[in-house]
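Enquirer:
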Amino acid sequence: QSVLTQPPSASGTPGQRVTISCSGSSSNIGSNSVYWYQQLPGTAPKLLIYRTNQRPSGVPDRFSGSKSGTSASLAISGLRSEDEADYYCAAWDDSLSGPVFGGGTKLTVL
Amino acid sequence: EVQLLESGGGLVQPGGSLRLSCAASGFTFSSYAMSWVRQAPGKGLEWVSVISGSGGSTYYADSVKGRFTISRDNSKNTLYLQMSSLRAEDTAVYYCAKGGGCSGGSCYSNFDPWGQGTLVTVSS
């Protein structure tokens, strides 16, 4: 069981906006930055969002991150077929002295 | 271009040992913390270990503490993971990634980029 809790699945149609939640605690999301990773089928994960709401160069502005208290969210607007992937949240956990991941959310574009 | 290339994976019997390597290029290796993250077949991501740029600071997940040792050779731009007392539940693709760890009083989970991964299978 993962320290951070994500819904196992999410879906949307092309052009829609979808959000993926990530719930944690005061020792991780509540006190540290949140990171989001995208893993396309058969490939290594890729950093999508860093420091809660920052996008690395090359990541479209359709992707955005936010945090409130001990929960975080990834929003994807203008959904496209190539967004179909697994998405993981991560944050450092002060109690465990290491990063923790969510269990991952499989996004399906209908 | 930053590149990370893992090697050393394979089939090992329970209780056995294996050493993974990650050759890095395209950045000043000694200036960055490096991490290992694994993914069991069909499962999610699990952080394994991180080492500071100098190699003087290391952290481990409880699941591998005392069995795995992370190290680095900055003269060879190479990261290592020595794994011993391997168990079936250690079966996974092991990724090396640039980043992670703590610096300046803050700790980060910024893994970017990742290598392509190397598969470790623990089975008799």
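Line by line, the protein sequences are chains A and B.
Per the numbering used here, residue 1 is the first one in the first sequence, and the count goes up by one each step.
Per the numbering used here, residue 1001 is the first one in the second sequence, and the count goes up by one each step.
Idealized CB from N, CA, C, for every residue including glycine.
Is B:Q1116 close to chain A? Criterion is C-beta to C-beta, closer than 8 angstroms.
Expert: The residue labelled residue 1116 of chain B in the question sits at position 116 within the second sequence. Yes, B:Q1116 lies at the interface with chain A (some Cβ there is under 8 angstroms from its Cβ).
Enquirer: I'd like to confirm the pairing. Which residues does DSSP put opposite A:V59 in its beta bridges?
Expert: Residue numbering aside, residue 59 of chain A sits at position 59 when the first sequence is read from its first letter. Bridge partners of A:V59: none, in fact.
Enquirer: So that I know if they touch, is there some Cβ in chain A lying closer than 8 angstroms to that of B:D1112?
Expert: Here residue 1112 of chain B refers to the residue found at position 112 of the second sequence. It does; some Cβ of chain A falls within 8 angstroms.
Enquirer: Would you give the residue range spanned by the beta strand (DSSP E) that A:V109 belongs to?
Expert: In the first sequence, the residue the question calls residue 109 of chain A occupies position 109. 105–109 is the extent of the beta strand (DSSP E) around A:V109.
Enquirer: Which residues, in order along the segment 1079–1096 of chain B, keep a beta-carbon less than 7 angstroms from a beta-carbon of chain A?
Expert: The residues in question are Y1095.
Enquirer: If you measure from the CB of A:K67, is any heavy atom of the ligand NAD nearer than 7 angstroms?
Expert: Ligands displayed in this structure: none; no statement on the ligand NAD is therefore possible.
Enquirer: I believe A:N28 touches A:V3 by the beta-carbon criterion, under 8 angstroms. Please report the beta-carbon distance rounded to the nearest angstrom.
Expert: The sequence position of residue 28 of chain A within the first sequence is 28, counting from 1. The sequence position of residue 3 of chain A within the first sequence is 3, counting from 1. The pair is a contact, with the Cβ atoms about 7 angstroms apart (cut-off 8 angstroms).
Enquirer: For the segment 1054–1073 of chain B, which residues have a beta carbon sitting closer than 9 angstroms to at least one beta carbon of chain A?
Expert: Within the segment 1054–1073 of chain B, the residues whose Cβ lies closer than 9 angstroms to some Cβ of chain A are Y1059, Y1060, A1061, D1062, listed in chain order.
Enquirer: Counting Cβ pairs, one atom from each stretch, are 3 or more of them under 8 angstroms apart for the segment 68–82 of chain A and the segment 1076–1093 of chain B?
Expert: Touching, no.
Enquirer: Where does A:A44 sit, in a helix, a strand or coil, going by DSSP?
Expert: Mapped onto the first sequence, residue 44 of chain A falls at position 44. Note: A:A44 maps to coil in three-state DSSP.
Enquirer: Taking the continuous beta strand (DSSP E) assigned at A:F101, which residues delimit it?
Expert: Numbered from its first residue, the first sequence carries residue 101 of chain A at position 101. Per DSSP, A:F101 belongs to the beta strand (DSSP E) from 98–101.
Enquirer: Chain B partners of A:N32, CB-CB under 7 angstroms?
Expert: To locate residue 32 of chain A, count along the first sequence from 1; it is residue 32. What A:N32 touches in chain B: C1107.
Enquirer: Could you check whether the Cβ of B:L1045 sits closer than 8 angstroms to any Cβ belonging to chain A?
Expert: Residue 1045 of chain B sits at position 45 when you count from the first residue of the second sequence. It does: the Cβ of B:L1045 has a partner Cβ on chain A nearer than 8 angstroms.
Enquirer: Can you check whether the C-beta of B:A1100 is within less than 8 angstroms of a C-beta belonging to chain A?
Expert: Position 100 of the second sequence, counted from the first residue, corresponds to residue 1100 of chain B. Checking the sequence, you will find Gly at residue 1100 of chain B rather than Ala. For B:G1100, the answer is yes, since a Cβ of chain A falls inside 8 angstroms of its Cβ.
Enquirer: With distances taken from CA atoms, which of B:Y1108, B:Q1116, B:T1118, B:S1123 is nearest A:I49?
Expert: As a working mapping, residue 49 of chain A is identified with position 49 in the first sequence. Among B:Y1108, B:Q1116, B:T1118, B:S1123, the Cα nearest to that of A:I49 belongs to B:Y1108.
Enquirer: Going along the chain, which residues of its own chain have a beta-carbon closer than 8 angstroms to the beta-carbon of B:E1046, five neighbours each way excluded?
Expert: As a first step, residue 1046 of chain B is located in the second sequence; it is residue number 46 there, counting from the start. Only V1037, R1038, Q1039, A1040, A1061, S1063, A1092 meet the Cβ criterion.
Enquirer: DSSP three-state label for A:D93, please.
Expert: As a working mapping, residue 93 of chain A is identified with position 93 in the first sequence. Three-state DSSP puts A:D93 in a strand.
Enquirer: What's the gap between the Cα of B:R1087 and the Cα of A:D61?
Expert: By one-based count along the second sequence, residue 1087 of chain B stands at place 87. By one-based count along the first sequence, residue 61 of chain A stands at place 61. If you take the alpha carbons of B:R1087 and A:D61, they lie about 43 angstroms apart.
Enquirer: DSSP state of B:D1112, grouped into three classes?
Expert: On the second sequence, position 112 is the one that residue 1112 of chain B refers to. In this structure, B:D1112 counts as coil in the three-state DSSP scheme.
Enquirer: When the cut-off is 8 angstroms and only beta carbons count, does A:A107 lie next to chain B?
Expert: In the first sequence, counting from the first residue as 1, residue 107 of chain A sits at position 107. Residue identity check: residue 107 of chain A is Leu in the sequence provided, not Ala. So, not an interface residue.
Enquirer: How many whole angstroms separate the CB atoms of A:K122 and A:Q38, which I take to be in contact at a CB cut-off of 8 angstroms?
Expert: No answer is possible for residue 122 of chain A: it lies beyond the span of chain A, which begins at 1 and ends at 110.
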